[in-house]
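Colleague:
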Amino acid sequence: MAVLLTTVGSAGGAASAGRSAPPCTSAIQEELPLGPPVLVNAGVSAAEAVELAIAGRVSDDRAARTVRELVALGARMGGTESGEAAATYLEQAFLGLGLPTERVLAPAKWCHEATDWSVVAHIEGEPDWALVRTWPLGFSPAGAGQKVELSLESTPGKALLAEGFSATPRGEEPCAVVLDSGATTADGEWPMCRPHARRQKARVAVFGISKPDSARLRAALEAGKAVTIDWHLVTTVKEAAPITVVATLAPAPSGDDSGNEWDVSVLPSIGDTTPSTSIGHVLICAHGDSDSGGPGANDNASGVAIVLEMARAWKAAIEAGEIQPPPVEVRFAIWGSEIHSTKAYRDSAFGRGVLAVLNFDQAGYGTTGERLHIEPDDLPATQPYVLLAAEVLRQFADQPGFPKNWATNKSLGGTDSYLFSGWKRFREEQFPSVTMFTSAWGQADEHPRTAGMPGESWRDRESVLMDYDIHYHSSGDTPENTTDKEPHNMGWCARVGLITTLRYLQRMSAEVPREVPSDSPSGGK
Numbered sequence: 001m002a003v004l005l006t007t008v009g010s011a012g013g014a015a016s017a018g019r020s021a022p023p024c025t026s027a028i029q030e031e032l033p034l035g036p037p038v039l040v041n042a043g044v045s046a047a048e049a050v051e052l053a054i055a056g057r058v059s060d061d062r063a064a065r066t067v068r069e070l071v072a073l074g075a076r077m078g079g080t081e082s083g084e085a086a087a088t089y090l091e092q093a094f095l096g097l098g099l100p101t102e103r104v105l106a107p108a109k110w111c112h113e114a115t116d117w118s119v120v121a122h123i124e125g126e127p128d129w130a131l132v133r134t135w136p137l138g139f140s141p142a143g144a145g146q147k148v149e150l151s152l153e154s155t156p157g158k159a160l161l162a163e164g165f166s167a168t169p170r171g172e173e174p175c176a177v178v179l180d181s182g183a184t185t186a187d188g189e190w191p192m193c194r195p196h197a198r199r200q201k202a203r204v205a206v207f208g209i210s211k212p213d214s215a216r217l218r219a220a221l222e223a224g225k226a227v228t229i230d231w232h233l234v235t236t237v238k239e240a241a242p243i244t245v246v247a248t249l250a251p252a253p254s255g256d257d258s259g260n261e262w263d264v265s266v267l268p269s270i271g272d273t274t275p276s277t278s279i280g281h282v283l284i285c286a287h288g289d290s291d292s293g294g295p296g297a298n299d300n301a302s303g304v305a306i307v308l309e310m311a312r313a314w315k316a317a318i319e320a321g322e323i324q325p326p327p328v329e330v331r332f333a334i335w336g337s338e339i340h341s342t343k344a345y346r347d348s349a350f351g352r353g354v355l356a357v358l359n360f361d362q363a364g365y366g367t368t369g370e371r372l373h374i375e376p377d378d379l380p381a382t383q384p385y386v387l388l389a390a391e392v393l394r395q396f397a398d399q400p401g402f403p404k405n406w407a408t409n410k411s412l413g414g415t416d417s418y419l420f421s422g423w424k425r426f427r428e429e430q431f432p433s434v435t436m437f438t439s440a441w442g443q444a445d446e447h448p449r450t451a452g453m454p455g456e457s458w459r460d461r462e463s464v465l466m467d468y469d470i471h472y473h474s475s476g477d478t479p480e481n482t483t484d485k486e487p488h489n490m491g492w493c494a495r496v497g498l499i500t501t502l503r504y505l506q507r508m509s510a511e512v513p514r515e516v517p518s519d520s521p522s523g524g525k
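Here the UniProt record's numbering is used: position 413 in the sequence shown is 413, and no number is missing along the way.
1) From D289 to G224, what distance separates their C-alpha atoms?
2) Short check: CB of T408 to CB of N489, under 7 angstroms?
3) Quick one: grab the DSSP three-state call for D508.
4) Under 8 angstroms, with one C-beta from each stretch per pair, do the stretch 308 to 315 and the stretch 48 to 63 reach the 3-pair mark?
5) If I follow the unbroken alpha helix (DSSP H) through S341, where does it start and stop?
6) Evaluate the contact criterion for the stretch 340 to 349 versus the stretch 81 to 92: three or more CB pairs, one atom per stretch, below 8 angstroms.
7) With contact counted as at least three CB pairs below 8 angstroms, one residue from each stretch, are the stretch 354 to 367 and the stretch 436 to 454 in contact?
8) Let's test the definition: count the other Cβ atoms within 10 Å of the Cβ of D363 and tell me whether it reaches 16, buried, or not, exposed.
9) Would you call the CB atoms of A64 and D484 closer than 7 angstroms?
10) Whose CA, out of S509, W190, A494 and P242, lies closest to the CA of T80?
11) Counting only beta-carbon separations shorter than 7 angstroms, does F426 have a partner in chain C?
12) Please give me, in chain order, every unbroken run of the beta strand (DSSP E) with length at least 3 that falls completely inside the stretch 83 to 107.
13) Using only the alpha-carbon positions, how far apart do R103 and G303 sit?
14) Quick one, are the C-beta atoms of G401 and R495 less than 7 angstroms apart?
15) Where K109 and L412 are concerned, what is the direct C-alpha to C-alpha distance, given to the nearest angstrom?
16) I'd like to confirm the pairing. Which residues does DSSP put opposite P195 in its beta bridges?
17) Using CA coordinates, which residue listed in Q92, L131, R331 and A186 is at the minimum distance from G442?
18) Which of the three DSSP states, helix, strand or coil, is assigned to D299?
19) Would T501 and P432 be called neighbours here (beta carbons separated by less than 7 angstroms)?
20) Between V234 and W117, which are expected to be in contact by the criterion C-beta below 8 angstroms, what is the C-beta distance as a whole number of angstroms?
21) With distances taken Cα to Cα, identify the nearest neighbour of V67 among W492, T482, L505 and R507.
22) Using DSSP with H/G/I as helix, E/B as strand and the rest coil, what is D291?
23) Starting from S463, follow the beta strand (DSSP E) in both directions and report where the run begins and ends.
24) Here's the rule I'm using: 16 or more other beta-carbon atoms within 10 Å means buried, otherwise exposed. How should A226 be labelled?
25) Which of the three DSSP states, helix, strand or coil, is assigned to S20?
26) Can you tell me whether Q395 is helix, strand or coil according to DSSP?
27) Taking contact to mean at least 3 C-beta pairs separated by less than 8 angstroms, is the stretch 370 to 381 in contact with the stretch 450 to 469?
So, in C-alpha cells, the structure goes:
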C-alpha cells in the first residue's frame, strides 16, 4: 500500500520541505472570548483547578466558526478540490499553532464533487419555482436541460419524478434526468445525500428532492397540468488520493535512563492500570470529509473543530507553563476520507506505534437530548479510558462548559475508532480506541447497557438511549440547522477529551520504554 508523506513545515522553525507557515485566518487562530467560561467552583482541588484552566482555553464560539468555514469550502470529500482546500485550511491552522504538520495521501479512490446545480420547475398557470432543497446524488454525471417535460413514467428525453429511483443494471436509463423523493429525512424536508446506485458508471443525473416539493409536482401532473423543468449540474468524477492532515505535539525531552522527564505533580493520581507500552504516539482524530457528499456540518466538521480546539488548548497550556509536554508524541489527524484514509494510516509505517485513539464523530448536535456519549464500553481494552472519562464527567458535572448528562454505550461501529479497536495489536496489547459524540445516525435508538459500566448518568436502568441527528447525511446538515444551535456540544467534547487524555497519559508516563513497537506495518485483523 503506497502512502506518501510530505512534511510541509512547522511554525517557529525552518520547514523540512522548504515551506514556511502560510498566513492563517481560520477561526482556530483567532483569539475569541472563551465561551462559556470554565470557572472554578468551591471544593475543586488544586489539580482539578489546573485541568479546568487548561480546558478553559476551549472556545465554543470558535469551534462553531470553524464548522462554518469548513462547510463553506464544500463537501470536502477525499480527492476533490474542496478536500484539497480543507487540507490547506487545516495545514494553516495547525502550523499557525506551532505544530509540525504533514500530509498523508491514501491510495487513490473514486470520488465525486458537485460544485453547481439548479432545478427550476415551470407549472402551467403558476410562477416559475426554484427547488432550493435539491441535492444531486454522488457520481451523477454533469449535464443540463431546458424546458424538459416532467413525467411519472420513465420516458426517453423526459424528466422522471420518482419516489425511490433504481438504476437499471446496465445504467442505460431512458429518461433525461430524475427527481427522486424516495430518501429524505424523517420529516421529509431534506433529501438524503447518497451515492448514485451506479456510482462512477452513472449515466443519468439524479437529484434528491424533498417530499413537499415532490408532492407539489405530483399534484400538478395528476391534475393534468403541463410541467417542465430547467436543470443543470456541474460535477467532477475522478480517481484521486484523499489527503489526511497530521499535526504533531512533541513529547517531553528524554531524561536519564530511568525514563521520561514529565512533571505530573499538578495532575490527579489515577493509579497504574495501563498495560506496559512501547514508545509511540497517542492519536486524536476525526474524519474531515462530509462522507455523504452533503454539507457535513455535524457529520463531521464538528469533529474537526473539536480536534483543533484540543490542539490549540493543549499547545497553549504547554507554552504558558501550566503543564509539561506529554510523555509520548500526540498526533492530531484529520482523515481525508472516513475509514479509507484511517485504514491506510493504520497499516502504514507512519501509523506504526499508535498507543491510544480518541475519535470524534457527530459531536456538535443532538435532536432530542443534551448529553455526551462515549463508546465502546463493552471492550476490555477501552473500559479503563471510558471509566476515566466518566470520572471526569462526574467531577465536573456542575462546572460551566461541561455536560450534566452523559452516557456510555456498547460498540455500535460505523466510525473510525473501530479501525483500531478491532485491530490485532490493539486487542493483544489492550490499547484503547474510543469515540465521543453527541448524536448517532439519523434516528433515536436504544441499546442494552453493558454490565458493570455506567450507562446513563441521569437514571439507573438496563438500557441506554441514543440521541440522533435528524439531519444526518442530508442536505439539511448545515451549521444553521445543527452546530450553530448547540456549539456547546463541541466544547463539551473538547474539554472532556482533553482532561481525560491528560489523565490517561499520566498513567502511561510511569514507564516509557525506548523502542518503537515491532508490529508489522501491514497490521491487520
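Every residue gets a Cβ at the ideal spot worked out from N, C-alpha and C, and that includes glycine.
Computed from a predicted model, the values in this text were never measured in an experiment.
Modeller: Inspection of the coordinates gives the following:
1) 44 angstroms
2) The criterion of a C-beta distance shorter than 7 angstroms is not satisfied by T408 and N489.
3) Looking at the sequence shown, residue 508 is not Asp but Met. Three-state DSSP puts M508 in a helix.
4) Between the stretch 308 to 315 and the stretch 48 to 63 there are three or more inter-stretch CB-CB distances shorter than 8 angstroms, so the stretches are counted as touching.
5) S341: member of the alpha helix (DSSP H) spanning H340 to R346, first to last residue.
6) no
7) yes
8) This sequence places Ala at residue 363; Asp is not what is there. So A363 counts as buried.
9) yes
10) Of S509, W190, A494 and P242, the residue nearest in Cα terms is P242.
11) Looking for chain C here will not work: only one protein chain is present.
12) Residue ranges of uninterrupted beta strand (DSSP E) with 3 or more members, entirely inside the stretch 83 to 107 and ordered along the chain, are 101 to 105.
13) 19 angstroms
14) Contact annotation: G401 and R495 have beta-carbon atoms nearer than 7 angstroms.
15) Roughly 26 angstroms between the two C-alpha positions.
16) G138
17) A186
18) helix
19) no
20) 7 angstroms
21) With distances taken between CA atoms, V67 lies nearest to T482 out of W492, T482, L505 and R507.
22) coil
23) S463 to M466
24) exposed
25) In this predicted model, S20 has a pLDDT of only 32, less than 50, meaning its place in the structure is not dependable enough to derive any value.
26) helix
27) yes
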